[in-house]
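This report refers to the structure that appears directly beneath it.
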Amino acid sequence: MSKSMKLILTILVLVLLLVIGWQLVNEKLSAKPLSEEEVREKVQSQYNAQLTEWVAKEGYYSATMELEEGLYEIIVRKEDGSVADMRQVDDFSNGETSKETENLPESPAQPMSEEKAMEIALKEVDGKVDDIEFETENEIPFFLVEIERTDELEASVQVHAITGEILSINWED
1 MSKSMKLILT ILVLVLLLVI GWQLVNEKLS AKPLSEEEVR EKVQSQYNAQ LTEWVAKEGY
61 YSATMELEEG LYEIIVRKED GSVADMRQVD DFSNGETSKE TENLPESPAQ PMSEEKAMEI
121 ALKEVDGKVD DIEFETENEI PFFLVEIERT DELEASVQVH AITGEILSIN WED
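If you use full-length UniProt numbering, the sequence shown corresponds to residues 1 to 173, in order.
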């Protein structure tokens, strides 16, 4: 076998090994969404709670869970099982009901109103609301609020439709 043939064969083997290695690394690093059962187990183990209700929605799960302290409503993101919202609806220690643990939307399972989203966006960016749209991206519901300022800048504010969290603010001239 000639030297050039050995060189070509060696290069082909190296390229093949690189492609196979790249595919294996890519497969290991790509995040796979959790199954519904995995998300349920994660919530139950994280809070050591009994889930009394579980409803799948677009982009999230809505659940009611029972802890020693009381009954809680919880919103869990489908893609990673992280908690987007949680509020106490019944306090077993002193009989109180519907006690919110943080400033959360009135109904965590339903998207907030456009007016509420505008109010939240205007707290972040001063100006006048030009447009508002309800959108979903990667199964996350949000309002896109466009705000015009007096200095000719325009901001696009993404407000999570369930939690009211500001997801992003983009500025344009």
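Think of the CB as a built atom: it goes at the ideal place given N, C-alpha and C, for glycine as much as any other residue.
Just so we're clear, the structure is a prediction, and the values are computed from it rather than from any experiment.
Could you check where the beta strand (DSSP E) with residue i kicks off and where it finishes?
| i | result |
| --- | --- |
| Q88 | V83 to D91 |
| L167 | I166 to E172 |
| A117 | No beta strand (DSSP E) contains A117, which is instead part of the alpha helix (DSSP H) from E114 to E124. |
| R40 | Premise fails: R40 lies in the alpha helix (DSSP H), E36 to Y47, not in any beta strand (DSSP E). |
| L144 | I140 to E148 |
| S62 | Y60 to E66 |
| Q50 | Q50 to A56 |
Please report the straight-line C-alpha distance between residue i and residue j, rounded to a whole angstrom.
| i | j | result |
| --- | --- | --- |
| residue 174 | M118 | Outside the displayed span of the chain (1 to 173) sits residue 174, for which this structure offers no information. |
| A161 | Y61 | 14 Å |
| V129 | K116 | 12 Å |
| A121 | Q23 | 43 Å |
| F143 | V55 | 22 Å |
| G164 | E146 | 16 Å |
| L51 | E66 | 6 Å |
| I20 | R40 | 35 Å |
Please check the pair residue i and residue j, which I expect to be a contact at CB under 8 Å, by giving their CB distance rounded to whole angstroms.
| i | j | result |
| --- | --- | --- |
| D90 | I75 | In fact, because the Cβ distance is near 17 Å, the residues do not count as touching under 8 Å. |
| V157 | E124 | 6 Å |
Tell me, please, which residues DSSP counts as bridged to residue i.
| i | result |
| --- | --- |
| residue 254 | In this structure the chain extends from 1 to 173, so residue 254 is not present and cannot be described. |
| K128 | E148 |
| V159 | F143 and I166 |
| E135 | F142 |
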